[in-house]
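Data first, discussion second: the structure below is written as structure tokens.
Protein chains: 2
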Amino acid sequence: MNSKKTTASGKKGVSGASVKPPDRERLRRELKSYMDSQGLRSTGQRRLVIDVFFDTREHLTIDELLEIARAHDDRISYATVYRTMKMLASGGIAHELHFGDGPTRFELADDDAHHDHLICTECGAIMEFEEPLIEELQSRVASKYGFEVVDHKHEIYGKCLDPACKRRSSTHTKN
Amino acid sequence: MNSKKTTASGKKGVSGASVKPPDRERLRRELKSYMDSQGLRSTGQRRLVIDVFFDTREHLTIDELLEIARAHDDRISYATVYRTMKMLASGGIAHELHFGDGPTRFELADDDAHHDHLICTECGAIMEFEEPLIEELQSRVASKYGFEVVDHKHEIYGKCLDPACKRRSSTHTKN
DNA sequence: ATCGCTGCAAATGGTTTGCATTATG
DNA sequence: CATAATGCAAACCATTTGCAGCGAT
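Same order as they appear, the protein sequences are chains A and B. Here the first sequence stands for residues 6 to 180, where the numbers follow our numbering. Here the second sequence stands for residues 6 to 180, where the numbers follow our numbering.
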């Protein structure tokens with residue numbers, strides 16, 4: 006496995022308003038009906054990866070998910086984690102996040118409350134923000150250009166004021 | 006070389022306001038002083054790649070740059086194009102753009118007028134937009150979270166209304 | 001008993017790099 | 001002529017995939 010630093014910071018709520026958590030119960034239900042409808046099977050490995058994904062912090066990478074899953078069952082493979090997360094993404098249960106050049110990270114879909122991200126380029130902290138006005142301006146821009154918005158990505162890279170942000174584990178650059 | 010479809014759409018100005026072009030002269034000058042200050046040499050290959058980059062349309066990939074450069078001099082290598090573009094990025098003359106899962110694209114830096122992108126998921130058209138209000142809201146969000154903004158990335162994915170957008174060469178998905 | 005899933009290892013695709021050679025300042 | 005740049009091929013790294021065996025429905 007390609008383990009690197011795997012330092013994934015799990016900070017939150019420096020001070021500002023926080024985004025409300027996704028409705029895990031609903032997503033579990035949606036996942037079940039998605040799997041049923043597609044004839045997808047519920048295997049031990051899948052249940053494990055899914056549980057790790059639902060119950061651990063957000064923005065984990067495949068490596069991190071695998072590491073945690075393996076603590077419970079070390080027979081699980083890389084490919085299975087990839088395939089499982091891909092399944093969750095196809096079913097609209099997970100979103101894939103591509104920050105800068107780092108590996109893909111995953112978060113629960115939480116569609117009814119779109120949020121975007123602030124990424125600290127120094128310590129790698131990832132925070133979520135919601136700003137309806139930006140979304141509003143965005144669709145105005147889009148219609149000005151004759152675009153029908155399907156999706157968007159808005160990432161703010163910077164330095165956070167967290168006192169613990171001294172480590173320089175900078176895994177997160179914009180490019 | 007990894008040539009694929011290389012269909013790179015060069016459309017512009019569907020109707021809305023357009024972003025003003027970057028000041029190529031100034032960038033040329035900045036590049037020169039950057040290269041001088043770093044002891045970087047001006048070779049035939051570099052000059053060629055740089056000219057292609059400055060004088061062809063924006064948002065080209067390494068493949069596209071290489072193809073155009075080879076039309077002028079077929080002895081130029083992949084590695085050199087990569088290295089040259091990386092040099093331009095380091096010197097602040099070029100910006101690397103990572104749309105979805107596609108290959109890196111490049112554009113002239115044009116720092117005094119930040120713009121973001123609208124990407125058509127159907128035909129791959131890329132347009133630029135400027136929206137000072139979004140930038141403003143953005144920094145407000147950042148300071149609310151105790152962030153010092155260093156950079157940001159704002160991409161709007163959707164479908165454009167261009168009549169030629171019928172080809173479905175969809176190279177540009179968000180993830 | 002199907003047919004989807006898993007693990008493994010090999011393949012892929014974009015990007016980077018070591019090294020011997022070439023060429024600029 | 002010192003040293004940066006080039007070309008090539010090999011290395012990298014995240015991700016994907018073919019396939020034989022396994023296991024859920």
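We treat Cβ as the ideally placed atom computed from N, Cα and C, and that holds for glycine. Owing to the predicted nature of the structure, the values given are computational and were not obtained by experimental measurement.
Residue 77(B), buried or exposed, once every other Cβ within 10 Å from all chains shown has been counted against 16: Residue burial is scored here from C-beta neighbours: residue 77(B) has fewer than 16 other C-beta atoms within 10 angstroms and is therefore classed as exposed.
Identity of the residues DSSP links to residue 162(A) by a beta bridge: Beta-bridge pairing links residue 162(A) to 124(A) and 156(B).
Alpha-carbon to alpha-carbon, residue 106(A) and residue 16(A): Since pLDDT at residue 16(A) reaches only 42, below the 50 mark, its modelled position is unreliable, and the value read off the structure follows with that caveat. One Cα belongs to residue 16(A), the other to residue 106(A), and the distance between them is close to 21 Å.
Residue 175(B) classed as buried or exposed, judged by whether at least 16 other C-beta atoms fall within 10 angstroms: Reliability of the predicted coordinates at residue 175(B) is poor, the pLDDT of 44 falling under 50, and no value is obtained from them.
Identity of the residue in 165(B), 62(B) and 132(B) nearest residue 155(A) by Cα: For the residues 165(B), 62(B) and 132(B), the minimum Cα distance to residue 155(A) belongs to 165(B).
Spatial distance of residue 137(B) from residue 40(A) (CA atoms): Each residue's CA atom was taken as its position, placing residue 137(B) and residue 40(A) some 44 Å apart.
Inter-residue spacing [alpha-carbon to alpha-carbon] between residue 66(A) and residue 49(B): Using only the alpha carbons, I get a separation of about 43 Å.
Residue span of the beta strand (DSSP E) that contains residue 131(A), given as start and end: Element bounds for residue 131(A): 131-134.
Pairwise C-alpha distance: residue 93(B) and residue 99(B): Rounded to the nearest angstrom, the two C-alpha atoms are 5 Å apart.
Nearest-angstrom beta carbon gap, residue 57(B) and residue 133(B) [assumed within contact, 8 Å]: For residue 133(B) against residue 57(B), the beta-carbon gap comes to about 20 Å, at or over 8 Å, which does not count as contact.
Closer than 8 Å to chain A by CB, residue 158(B): By this cut-off, residue 158(B) is an interface position.
Interface residues of the stretch 102-114 of chain B facing chain A [CB-CB below 7 Å]: Contact residues of the stretch 102-114 of chain B toward chain A are 103 (C-beta to C-beta distance below 7 Å).
Sequence-distant residues of its chain with Cβ nearer than 8 Å to residue 53(B) (five each side left out): Scanning its chain for C-beta atoms nearer than 8 Å, with the 5 sequence neighbours on each side dropped, one finds around residue 53(B) the residues 74, 77, 78 and 81, in chain order.
Residue 83(B) classed as buried or exposed, judged by whether at least 16 other C-beta atoms fall within 10 angstroms: Exposed, by the Cβ-count rule.
Spatial distance of residue 124(A) from residue 115(A) (CA atoms): Residue 124(A) and residue 115(A) have their C-alpha atoms some 19 Å from each other.
DSSP bridge partner residues for residue 58(A) (one or two, in chain order): None, per the DSSP bridge assignment.
Runs of beta strand (DSSP E) wholly within the stretch 84-115 of chain B (minimum 3 residues, chain order): Restricting attention to beta strand (DSSP E) runs no shorter than 3 residues, the stretch 84-115 of chain B encloses them at 99-102 and 110-113, ordered along the chain.
Burial state of residue 33(A) (16 or more Cβ within 10 Å): It counts as exposed.
8 Å contact criterion, which residue 141(B) and residue 118(B) should meet: CB distance rounded: Between residue 141(B) and residue 118(B) the beta-carbon gap is near 15 Å, outside 8 Å, which marks them as no contact.
Contacts around residue 144(A), its chain only, beta-carbon distance under 8 Å, and the 5 residues preceding and following it disregarded: Non-local C-beta neighbours of residue 144(A) in its own chain, meaning closer than 8 Å and more than five positions away in sequence, comprise 154, ordered along the chain.
Residue 143(A): contacting residues in chain B (beta-carbon distance under 9 Å): Neighbours of residue 143(A) on chain B, chain order: 136, 139, 159 and 161.
Counted within 10 angstroms of its Cβ, other Cβ atoms place residue 30(A) as buried (16 or more) or exposed: Residue burial annotation: residue 30(A) is exposed, with fewer than 16 other C-beta atoms found within 10 angstroms of its C-beta.
For residue 36(A), the three-state DSSP class (helix, strand or coil): Assignment of residue 36(A) by DSSP, reduced to helix, strand and coil, places it in the helix class.
Minimum C-alpha distance to residue 168(A) - residue among 71(B), 151(B), 159(B) and 158(B): Its Cα nearest to that of residue 168(A), the residue 151(B) stands out among 71(B), 151(B), 159(B) and 158(B).
Residues of the stretch 65-87 of chain A whose Cβ lies closer than 8 Å to any Cβ of chain B, in chain order: So nothing in the stretch comes that close.
C-beta atoms of residue 122(B) and residue 160(B) nearer than 8 Å: Result yes, Cβ atoms of residue 122(B) and residue 160(B) sit closer than 8 Å.
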